[in-house]
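Same order as they appear, the protein sequences are chains F and P.
When you number the first sequence by our numbering, it's gap-free, plus one each residue, and the end is 565.
When you number the second sequence by our numbering, it's gap-free, plus one each residue, and the end is 565.
Notes follow once the structure below has been shown.
There are 2 protein chains.
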Amino acid sequence: MSDTYTLGLDYGTNSVRAVVVSTADGSTAGTHVFDYPSGDHGVLLDPRQPHLARQHPADYIEGLRIAVAGALDRADGVPGFSRDRVIGIGVDTTGSTPLPIDARARPLALDPTWEANLAAHAWLWKDHTSAAEAVAITEAARQHAPELLAPIGGTYSSEWWWSKIWHCLKVAPDVFDAAESWVELADFVPALLAGVDHPRAIVRCICAAGHKAMYSDAWGGLPPASFLSRLDPKLADLRGRLYDRALPPGTPAGTLSAAWAREFGLREGIAIAMGGFDAHYGAVGSGVRTGTLVKIIGTSTCDCAIAPGATPIADVPGICGIVNGSIMPGYYGIEAGQSAVGDLLKWWVEGVCQGDDSLHASLSAQASALKPGESGLIALDWNNGNRTILVDTRLTGLILGQTLHTTRAEVYRALIEATAFGARAIVERMREYGVPIERVVCCGGIAEKNDLFMQIYADVLGQPMLIAGSPQTPALGAAVSAAVTAGAAAGGYDSWTGAQDRMTTIKSKRFEPRPAARAVYDELYGIYRELHDAFGGVAGARPDLASLMKRLLALKENIVVDPA
Amino acid sequence: MSDTYTLGLDYGTNSVRAVVVSTADGSTAGTHVFDYPSGDHGVLLDPRQPHLARQHPADYIEGLRIAVAGALDRADGVPGFSRDRVIGIGVDTTGSTPLPIDARARPLALDPTWEANLAAHAWLWKDHTSAAEAVAITEAARQHAPELLAPIGGTYSSEWWWSKIWHCLKVAPDVFDAAESWVELADFVPALLAGVDHPRAIVRCICAAGHKAMYSDAWGGLPPASFLSRLDPKLADLRGRLYDRALPPGTPAGTLSAAWAREFGLREGIAIAMGGFDAHYGAVGSGVRTGTLVKIIGTSTCDCAIAPGATPIADVPGICGIVNGSIMPGYYGIEAGQSAVGDLLKWWVEGVCQGDDSLHASLSAQASALKPGESGLIALDWNNGNRTILVDTRLTGLILGQTLHTTRAEVYRALIEATAFGARAIVERMREYGVPIERVVCCGGIAEKNDLFMQIYADVLGQPMLIAGSPQTPALGAAVSAAVTAGAAAGGYDSWTGAQDRMTTIKSKRFEPRPAARAVYDELYGIYRELHDAFGGVAGARPDLASLMKRLLALKENIVVDPA
Chain F
2 MSDTYTLGLD YGTNSVRAVV VSTADGSTAG THVFDYPSGD HGVLLDPRQP
52 HLARQHPADY IEGLRIAVAG ALDRADGVPG FSRDRVIGIG VDTTGSTPLP
102 IDARARPLAL DPTWEANLAA HAWLWKDHTS AAEAVAITEA ARQHAPELLA
152 PIGGTYSSEW WWSKIWHCLK VAPDVFDAAE SWVELADFVP ALLAGVDHPR
202 AIVRCICAAG HKAMYSDAWG GLPPASFLSR LDPKLADLRG RLYDRALPPG
252 TPAGTLSAAW AREFGLREGI AIAMGGFDAH YGAVGSGVRT GTLVKIIGTS
302 TCDCAIAPGA TPIADVPGIC GIVNGSIMPG YYGIEAGQSA VGDLLKWWVE
352 GVCQGDDSLH ASLSAQASAL KPGESGLIAL DWNNGNRTIL VDTRLTGLIL
402 GQTLHTTRAE VYRALIEATA FGARAIVERM REYGVPIERV VCCGGIAEKN
452 DLFMQIYADV LGQPMLIAGS PQTPALGAAV SAAVTAGAAA GGYDSWTGAQ
502 DRMTTIKSKR FEPRPAARAV YDELYGIYRE LHDAFGGVAG ARPDLASLMK
552 RLLALKENIV VDPA
Chain P
2 MSDTYTLGLD YGTNSVRAVV VSTADGSTAG THVFDYPSGD HGVLLDPRQP
52 HLARQHPADY IEGLRIAVAG ALDRADGVPG FSRDRVIGIG VDTTGSTPLP
102 IDARARPLAL DPTWEANLAA HAWLWKDHTS AAEAVAITEA ARQHAPELLA
152 PIGGTYSSEW WWSKIWHCLK VAPDVFDAAE SWVELADFVP ALLAGVDHPR
202 AIVRCICAAG HKAMYSDAWG GLPPASFLSR LDPKLADLRG RLYDRALPPG
252 TPAGTLSAAW AREFGLREGI AIAMGGFDAH YGAVGSGVRT GTLVKIIGTS
302 TCDCAIAPGA TPIADVPGIC GIVNGSIMPG YYGIEAGQSA VGDLLKWWVE
352 GVCQGDDSLH ASLSAQASAL KPGESGLIAL DWNNGNRTIL VDTRLTGLIL
402 GQTLHTTRAE VYRALIEATA FGARAIVERM REYGVPIERV VCCGGIAEKN
452 DLFMQIYADV LGQPMLIAGS PQTPALGAAV SAAVTAGAAA GGYDSWTGAQ
502 DRMTTIKSKR FEPRPAARAV YDELYGIYRE LHDAFGGVAG ARPDLASLMK
552 RLLALKENIV VDPA
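Printed below as a string of structure tokens:
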């Protein structure tokens, strides 16, 4: 393998990260992070609308300039690196993050006429202003086109494409009318780099289209105009100005334009990989393959798996998305998630206990000294609803089993356990429907820093917990995609597994399940499922609530009596 | 009414309080508090046995000397007071607090032979070392003498007389064998003042006997020897060395001995009232009468009511005790309770939030700004089990409805609400079985200090919450009892209501239920009862758990949408 490099760009909620990666071994030659400004730009909020979260598209362009320039400057200092050895650029972003664009494919908000209107900016993934539209879309699809819901777990979300665009049409019809088209951030950045100047020329990734816009080859692309007309005839009109086909990674989104090549000192015409969501490229950068579950553990958790695309797999009830080609071409991409993981611990430590990082550390240390079952507590991890497998945002948290001696460290541990039980429910559901899971690879800050968390997950899942070698797997995955898109002839790769084998790694540190802990957690998981199914409204749930607190006490007392 | 005075003595867990009270209007002429020392004496604990709580009887005698002398010294400064105008002494104590005594009615622990043995000391009400014995007594009674359980709510407690004495027999048989007899602290102190020098000469109060020792006229006093023999033949032997009759308040426990009269400068031979438990005399001091519920709100809550003794009343399932004459002669004394009230708030504020009194105040202020239903939370108040109406120590706490924005003040309020719902369950149960409750009078520190707490109780119970005029109702009630025991001829009273009308008061400050809050709390109470009945194992419970979180969210959203 010649000494070539690719660039991975990771558009997060608060920053843009650029990484220059060696295609030989995935090592980082240079990296730079651009934090979005917190003043006029940055995440745009409206105190009168707590569910609103927008972003000025100028931030995306400024972030691109500064992060890439910074990463290349760093790489320049690395022996063997030169800018003409960069063979491709890959981009991952948050999503669904749609933005309205004009006839030249420029974001509407860059036009002074529209800049003051929050609806003309990018609608961040976490914008929840479209709750009513999501409910209405789900209802309409249930009645008239249930096939649309099957691959997305049965419920359309307020975080997704059509909910947001429809909400814009309702609350800011002038913005809707002024927009020639709309684009996902994941498609906008590659198109920008490629110098695309017309909306229909933007190459669209199947990742965003399939998971967020109800796109499927099964019904010829986006939802039929007849369905969209039921929502609003203007949405059916918009359909014609969007796109006919969405494509998997590996297909180029374009080549680097002369202008950007000049700006960065890179070669014009190098490959621009298909855009993709951070979780999906994070899975690629974590070495996802058939039988591997990648858990991207952060404020929330995104679970990604793949299964060979040649054999159709069943729709899995409650799994957010199963889309052919969304993670890697030739495979079904299967996505699930938990709405609050790091956020749940943050709520407890910072919100309730009003502590900081040092309290996180001390609670973690105290919680580590506890045995499974010792606290007598059990919790449901639903403070932000349940994304998988119940797909219900209108669920809330529960903590049970408190005495007058219950400590904050015990609750901290119970909350970690609750997220682990939620993770186990997802794994069991996937396996039940034939998705093989033999290996679990984790990435994200919690996986790298919180040993207690990882050990509990190993014990609850009954599975070793591996950790991805790179601390920035989404950017690495985008760089892998760029290397595959460039191809072997250009100094990259012709196969995904070939690229992953060389460019991605697993840390030697891993967490093995401990048999005694696993046995207790099997019992606790049973109790969790009783509560989960009963409060989650699973048909046929038969919890034995009258004995539930006593069973927890019995577990607790067994541990006190027999510390072995 | 001539200017006479009585002395009320209140033996708490941590202190002895003496109060010199005017019989004319219940005003305090002098008061003094003796805090038990925290060194060798004071509450005796054993780090190896967390459920053990004992007290050295020497503390009781020292407390008597110092508290009474101090209160009289204060009273000496009051115009019109003189020690020869003191016409009687009344005593209330914690209970069940039994202690072993020798053939001269002296506490065994005062004998140097036994002092080092913790079993020879007083077994404090909160000593829970006898859990196994309580279960065995309940089981034996269920099988062989179910009538014994009916007046005590169906379950014998580890806090009570026979559990503790039996446990002593098991773990310290030498102490058991050395004891000529056992006495409740409530009977010991009056006997001490009266100079009683033989166990059989101690006058026993029906309050302790009926509520804690399964004494009833219905089966000729204490449980039959045949029943006690099933537990241990030595307990049947002990029965013969205890007592045949227990008597209601109003009957004298004796008269003041020459020695104590000399020590205190009081007249020899003045009336010693029957001893009684703090809660019962607290009810007397709060003006309890037919139709009044007195709530003594502290770390836990004790509810007391009375009903005319002429008409037999049904046993009320789940009510700890219904004993004829236990509060006032001629009335059934009805006792219920909640295991954790102030303790539940203390757990949250001090245990979890790790704050102090100032945090209590600030959380209370923040919680006051919340509307009923606004937090979306509901809790069960079972962190220390449920005393009434489920009578189950093996129940634990539950908090439900948390989001990532749930605050500590919201939880604080939800915990207060949970105790109010628990209080409502008790009131509803009493009414259901024909105990009239038309007026609620509260006493204790929380009632006097926490306006938020009192308003929530008024809203949840749908009943004005009144506050007893005296801050020390148990001691006042004991002083009332002394005035009645002395009788009108001695300058006291011949009737209880006569004495109460003059000596007890209600504060002018009261809390009225607010109709809008009451309506929301009616809904929340319905949800509380679904959880209460389901987790509490009430037969026929049919909770709709699948909709429960959503109903709480709907309440919350209605409040946000319509703040009126």
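Virtual Cβ for every residue (Gly too), placed ideally from N, Cα, C.
Fair warning: this is a prediction, and the values are worked out from it, not measured in the lab.
CA-to-CA distance, residue 179 of chain F to residue 423 of chain F, given in whole angstroms: Approximately 44 Å between the Cα atoms of the pair.
message: If you reduce the DSSP assignment to three classes, tell me which class residue 231 of chain F lands in.
response: Helix at residue 231 of chain F.
task: For the segment 347-369 of chain P, enumerate the residues whose C-beta is nearer than 9 Å to any C-beta of chain F, in chain order.
output: 347, 348, 352, 353, 354 and 355
- prompt: How would you label residue 270 of chain F, buried or exposed, when you count the other beta carbons within 10 angstroms and need 16 or more for buried?
  reply: With fewer than 16 Cβ atoms within 10 Å of its Cβ, residue 270 of chain F is classed as exposed.
query: How about residue 551 of chain P: is its C-beta nearer than 8 Å to some C-beta of chain F?
result: yes
Neighbourhood of residue 41 of chain P by C-beta, 6 Å cutoff - its chain only, sequence neighbours within 5 removed: Because residue 41 of chain P carries a pLDDT of 48, less than 50, the predicted location of this residue cannot be relied on, and the following value inherits that uncertainty. Hits under 6 Å: none found.
query: Which residue from F:447, F:372 and F:545 puts its Cα closest to that of residue 558 of chain F?
result: F:372
Closest residue to residue 420 of chain P among P:435, P:259 and P:342 (Cα-Cα distance): P:342
message: From the DSSP secondary-structure annotation, give me the bridge partner or partners of residue 1 of chain P.
response: The requested residue 1 of chain P is not part of the displayed model; chain P covers only 2 to 565.
message: Using C-beta distances below 6 Å, list every residue in its chain close to residue 521 of chain P, excluding the 5 sequence neighbours before and after it, in chain order.
response: 373 and 374
query: Terminal residues of the continuous beta strand (DSSP E) containing residue 153 of chain P?
result: No beta strand (DSSP E) contains residue 153 of chain P, which DSSP labels as neither H nor E.
Under the three-state DSSP convention, the category residue 161 of chain P falls into: Reduced to three states, the DSSP call for residue 161 of chain P is coil.
message: Using 8 Å for Cβ pairs, my map puts residue 1 of chain F next to residue 279 of chain F. What's the rounded Cβ distance?
response: In the structure as shown, chain F begins at 2 and stops at 565. Residue 1 of chain F is therefore absent and cannot be evaluated.
query: Would residue 10 of chain P be called buried (16 or more neighbouring beta carbons within 10 Å of its own) or exposed?
result: buried
task: Can you tell me which of the three DSSP states residue 434 of chain F falls into?
output: coil
query: Is the distance from the Cβ of residue 397 of chain P to the Cβ of residue 550 of chain F below 8 Å?
result: A Cβ-Cβ contact shorter than 8 Å links residue 397 of chain P with residue 550 of chain F.
- prompt: Thinking C-beta only, is residue 505 of chain F closer than 8 Å to residue 471 of chain F?
  reply: yes
task: List the whole-angstrom C-beta distance separating residue 254 of chain P from residue 274 of chain P, where the pair is believed to meet the contact cut-off of C-beta under 8 Å.
output: 6 Å
CA nearest to the CA of residue 305 of chain P, picked from P:460, P:427, P:155 and P:74: With respect to the C-alpha of residue 305 of chain P, the residue from P:460, P:427, P:155 and P:74 having the closest C-alpha is P:427.
field: chain F contact residues for residue 314 of chain P, given Cβ-Cβ distances below 9 Å
entry: The contacting residues do not exist; residue 314 of chain P stays about 29 Å from chain F at best.
query: According to a CB-to-CB cut-off of less than 9 Å, which residues of the segment 398-420 of chain F neighbour chain B?
result: No chain B appears in this structure, whose protein chains are F and P.
query: How many angstroms separate the CA atom of residue 201 of chain P from the CA atom of residue 97 of chain P?
result: So the alpha carbons of these two residues sit roughly 19 Å apart.
task: Compare the C-alpha of residue 86 of chain F against each of F:73, F:95 and F:93 and name the closest.
output: F:73
- prompt: Straight-line CA distance for residue 548 of chain F to residue 530 of chain F?
  reply: Taking the straight line from one Cα to the other gives about 14 Å.
query: Which of the three DSSP states, helix, strand or coil, is assigned to residue 205 of chain F?
result: Note: residue 205 of chain F maps to coil in three-state DSSP.
- prompt: Any idea what DSSP makes of residue 41 of chain F, helix, strand or coil?
  reply: Residue placement at residue 41 of chain F cannot be trusted, given a pLDDT of 48 that sits under 50; what the coordinates show is reported in the next sentence. In the structure shown, residue 41 of chain F sits in coil (DSSP, three-state: anything other than H, G, I, E or B).
message: Quick check on the DSSP output: what are the complete alpha helix (DSSP H) runs of length 4 or more inside the segment 475-519 of chain P, in order along the chain?
response: 497-504
task: Please classify residue 32 of chain F: is it buried, with 16 or more other beta-carbons within 10 angstroms of its beta-carbon, or exposed?
output: It is buried - the Cβ of residue 32 of chain F has at least 16 other Cβ atoms within 10 Å.
field: Opposing strand residues paired with residue 255 of chain F [DSSP bridges]
entry: F:273
- prompt: Where does residue 26 of chain F sit, in a helix, a strand or coil, going by DSSP?
  reply: coil
field: Helix, strand or coil at residue 548 of chain P [DSSP, three-state]
entry: helix
field: Buried versus exposed, by CB contacts within 10 Å (16 or more), residue 287 of chain F
entry: buried
query: residue 99 of chain P and residue 124 of chain P: beta carbons closer than 8 Å?
result: yes
- request: Please name the residue in F:241, F:235, F:223 and F:257 whose C-alpha comes closest to that of residue 247 of chain F.
  value: F:223
Neighbouring residues, chain P, relative to residue 432 of chain F (Cβ below 8 Å): Correct list: empty, because the minimum Cβ distance to chain P is about 25 Å.
message: For the structure I just gave you, are there three or more beta carbon pairs, one from the segment 348-357 of chain F and one from the segment 314-331 of chain F, closer than 8 Å?
response: no
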